[in-house]
Amino acid sequence: MVRGACPHDCPDTCAWIATVERGKVIRLQGDPDHPPTHGALCTKVSRYAERTYHAGRVLTPLKRVGPKGAGQFVPVGWDEALDDIAARLREIASRDPEAILPYSYAGTMGMLQSESMDRRFFHRLGASLLDRTICSNAGGEALAGTYGGKLGMHLEDYAASRLILIWGSNSIASNLHFWTFAQQAKRQGARLVCIDPRRTETADKCHQHIALRPGTDGALALGLMHELITAGLLDEDYIARHVDGFDALRERALQWPAARAAEVCGLDAAVITALTHEYAATRPAAIRLNYGVQRVRGGGNAVRLIALLPCLTGAWRERGGGLLLSSSGWFRAFRNDAVLQRPDLLGDRRPRTINMSTIGDDLLRDSSPAFGPRVEAIVVYNSNPVAVAPDSSKVVAGFRREDLFTVVLEHFLTDTADHADYVLPATTQLEHRDLHTAYGHTYVVANEPAVAPLGQARPNTQVFRDLAARMGFDEPCFADTDEQLAAQALQGLDLQALRAQGWVKLPVPDRPFADGGFSTPNGRAQVAPPGWAVPDHLPPHESPASAPALAARYPLAMISPPARNFLNSTFVNVQSLRDIEGEPLLEIHPDDAAARGIADGSVVRVFNDRGTYRCKAAVSTRARSGVVIGLGVWWRKLGLDGTNVNELTSQRLTDIGRAPTFYDCLVEVQPG
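Residues in the sequence shown are numbered from 42 upward in steps of one, following our numbering.
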């Protein structure tokens, strides 16, 4: 048995155990001793071995022989591929290294395979930097501004809660192990309230579902605050001792009576009033906030407001009270990022930064004084931007540029890999070493390779080591092995225990903010950190309130959460999971479907000024009236017409964090 860690972009960061016979993984199970995992893996990851041994694995380097996007390749040797890639990068860098762009995200969350040798390579090269914003930046920066870091409750403490607001999270699909603790609390008498525009599988299992309009979470939080203030439900002592700027917040909240908030959110005012009293009166009360809330124009402000709620009621005083959006900030003191990533290799150079969320526009830009050099080469790893980046018709157009030299490190011929000049075979989590922090709990988890790499697959670390050697980078750090990288990655923890047990718990205090002690400079939660305005509700970029002419043409608000059996675009090509999902779906309320002559199961055309997407209609009350749900993220080439839901989403950014606004999107739907 070999201990490992799930590598995927999920709060749970499960510890797993692989059973190996004759050099092959025959079983994968959750580690029963790891408290967050407690022996269970989600449906997706339980099929990880199926993904590793998939017949479609890329197991040799491939060189393009057809047009960009056609997916036509021939096998080549590693030496030929690496020699050619290094020569092309060296030639571009001789003119301007900022014309080279790395593009990566969380295809693996591991410290080694995601952010070690690759960072060293691109820092030494002087390539453009990447602003990695696509998932969580708005909420993360907002939370850090309020609490001083991405910090929150212990996952296990939800079992002690008496009321849990599950806000913007389909936990059954995307945070399964939190859900087990919530269920434990429910069995002990706790009430569960789901706040989400969609009636999710999680909402089905809660006592109450509050189906607000997309992008109105900040208004709901302000309505709750108004009632807390006017009904005398505040913890005045906690506020006085542990919150900075409350007087300004009070003034803001008093502008948001329940009736006003309800009108914006599309709710009954009595729902807001009742929820406020229940939240204030129930001890302990907890909020599980997730990142769907922040994928709209005002997402950062909404997270700031929601994060202040447990400070206003003193919910942090008790175990089982408080809030969790991300726990990743607890790991900051234990991560040796500067040693692992070596930003000092930049020297005095300060390359430009390109936002991964605007890659569609940025690949199509010409050189200019404001932008810098045209992007001439892109190296993609741990990501599939052609499928997952917003406004994908522009992303496709950029990747189809014949003059764009594209290298993709991948397991499969994804939508992005189809556009590559070279595809390099990457190892899966069962085939390499890694270390994982988490954003849904406070345990570091180690991953040991269970089997030798299949075919000619190589870890990302080895690929960038090999490229560095060919580029003539002779600094000693480029010779570090994965074992050495792992030894450098963390500090202040018992690494021997981590290796032996597979995981270690951080020494995070119980009830971390019971007596304040936030990670801000003065230890107090911040309503408005220096340079920030008092938070407020900001309407979406695309809504009847902010863009009435646009809403007249495209009257339906669309959100695009991941399908239950996919994780972003990962697992879409695993047949057993795709069989469960069926086909790309758009959920639409019966009233909206009837008004458009749309029958359940029929093909529909979903469109706006950015593009058109065809899929199957699921006529269902999972969608509230006026809202449609485009379940993603399907590979474009596995859809009905070579597109996916991101054909419709926008490159406009959030109020905080420069992040994408995937759930801030107006569309119309027709039969078709």
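All C-beta atoms in this analysis are idealised placements derived from N, C-alpha and C, irrespective of residue type, glycine included.
Please determine whether the Cβ atom of Gln296 lies at a distance below 7 Å from any heavy atom of the ligand ATP. In the structure on display, the ligand ATP does not appear, and there are no ligands present to speak of.
Which parts of the segment 601-635 are runs of the alpha helix (DSSP H), unbroken and 4 residues or longer, counting only runs that do not cross its ends? With a minimum length of 4 residues, the continuous alpha helix (DSSP H) runs that stay inside the segment 601-635 are 616-622.
What would DSSP say about Asn488, mapped onto helix, strand or coil? If DSSP states are grouped into helix, strand and coil, Asn488 belongs with the strands.
Since Tyr654 sits in a beta bridge, which residues does DSSP pair it with? Beta-bridge pairing links Tyr654 to Val647.
Considering only residues of the segment 445-489, which uninterrupted beta strand (DSSP E) runs meet the minimum length of 3 residues and lie entirely inside it, listed in chain order? Taking 3 residues as the shortest admissible run, the segment 445-489 contains the following complete beta strand (DSSP E) segments, listed from N- to C-terminal end: 446-451, 463-466, 475-477 and 484-488.
Since I believe Arg240 is in contact with Arg663 (beta carbons under 8 Å), could you give me their beta-carbon distance rounded to a whole number of angstroms? The C-beta distance from Arg663 to Arg240 rounds to 5 Å, short enough to fall under 8 Å.
Would you identify the three-state DSSP class for Phe514, choosing helix, strand or coil? Note: Phe514 maps to coil in three-state DSSP.
For Gln70, the residue or residues it bridges with in DSSP: Bridge partners of Gln70: Ile58.
Candidates Ala111, Thr78 and His95: which alpha carbon is nearest Arg441's? For Arg441, the closest of Ala111, Thr78 and His95 by C-alpha to C-alpha distance is Ala111.
Is there contact between the segment 113-122 and the segment 402-410, where contact requires at least three CB pairs shorter than 8 Å? No contact exists between the segment 113-122 and the segment 402-410.
Which stretch, first to last residue, makes up the alpha helix (DSSP H) that contains Gln225? Note, Gln225: alpha helix (DSSP H), Leu217 to Arg228.
Rounded Cβ spacing between Thr457 and Asn425 (contact assumed at less than 8 Å): 5 Å between Cβ atoms; contact.
So, helix, strand or coil for Lys678, using DSSP? Lys678 falls in the helix class under three-state DSSP.
Could you please give the first and the last residue of the uninterrupted beta strand (DSSP E) stretch that includes Tyr188? From DSSP, Tyr188 is part of no beta strand (DSSP E) but of the alpha helix (DSSP H) over Asn178 to Tyr188.
Segments assigned beta strand (DSSP E), at least 3 residues, entirely inside the segment 120-146: Here the runs fully enclosed are 141-145.
Cut-off 6 Å between Cβ atoms - residues of its own chain near Thr741, not counting five sequence neighbours on either side: Past the boundaries of the shown model lies residue 741; the chain is included only from 42 to 713, so the question cannot be answered.
Would you identify the three-state DSSP class for Val504, choosing helix, strand or coil? Helix at Val504.
Compare the Cα-Cα distances from Ala200 to each of Lys435, Tyr704 and Gln229 and report the closest residue. Nearest option by C-alpha distance: Gln229.
Can you name, in chain order, every residue of its own chain whose Cβ lies under 6 Å from the Cβ of Pro490, other than the five neighbours on each side? Same-chain partners within the cutoff: Glu472, His473 and Arg474.
Please list, in chain order, all residues of the same chain as Gly543 whose beta carbon is under 6 Å from its beta carbon, the five residues on each side excluded. Setting aside the 5 residues that flank it on each side, Gly543 is surrounded in the same chain by Arg44, Ala56 and Ala487, each with a C-beta closer than 6 Å to its C-beta; the list follows chain order.
Less than 8 Å separating the beta-carbons of Ile205 and Thr243? The criterion of a C-beta distance shorter than 8 Å is not satisfied by Ile205 and Thr243.
Is the separation between the beta-carbon of Trp297 and that of Ala260 shorter than 8 Å? The answer is yes: Cβ separation under 8 Å.
Environment of Val106 [buried if 16+ CB atoms lie within 10 Å]: Around the CB of Val106, fewer than 16 other CB atoms lie within 10 Å, so the residue is classed as exposed.
Taking Cβ positions, are Gly193 and Gly363 nearer each other than 8 Å? Going by C-beta atoms, Gly193 is nearer than 8 Å to Gly363.
Using the three-state DSSP reduction, which class does Ala418 fall into: helix, strand or coil? If DSSP states are grouped into helix, strand and coil, Ala418 belongs with the strands.
At what residues does the beta strand (DSSP E) containing Gly363 begin and finish? From DSSP, the beta strand (DSSP E) with Gly363 extends over Gly363 to Leu365.
DSSP state of Pro298 mapped onto helix, strand, coil: Of the three classes helix, strand and coil, the one that applies to Pro298 here is coil, per DSSP.
Figure out for me which residue from Ala598, Thr60 and Asn396 has the closest Cα to the Cα of Cys706. Looking at the Cα atoms, Ala598 is the closest of the given residues.
Close-in-space but distant-in-sequence residues of the same chain around Phe23 (CB under 6 Å, 5 per side omitted): Nothing can be reported for residue 23: it is not among the residues displayed for the chain, which extend from 42 to 713.
Which value, in whole angstroms, describes the spacing of the CA atoms of Asp633 and Ile670? Our two residues, Asp633 and Ile670, have alpha carbons roughly 12 Å apart in a direct line.
Count the other CB atoms within 10 Å of the CB of Gln382; is the residue buried (16 or more) or exposed (fewer)? When all chains shown are included, Gln382 counts as buried.
C-beta contact flag for Val575 and Pro238 at 8 Å: Result no, Cβ atoms of Val575 and Pro238 do not sit closer than 8 Å.
Nearest to Ala428 by CA position, among Lys678, Thr399 and Arg254, is which residue? For the residues Lys678, Thr399 and Arg254, the minimum Cα distance to Ala428 belongs to Lys678.
Give me, in chain order, the residues of the same chain whose beta-carbon lies closer than 6 Å to that of Asp462; leave out the 5 immediate sequence neighbours on both sides. Excluding sequence neighbours, Asp462 sits near Arg105, Phe446 and Thr447.
How many angstroms separate the CA atom of Arg699 from the CA atom of Arg63? Looking at the two C-alpha atoms, the distance is approximately 49 Å.
Is Leu547 near Phe375, with beta carbons less than 8 Å apart? It is a contact, given that the beta carbons lie within the stated cut-off.
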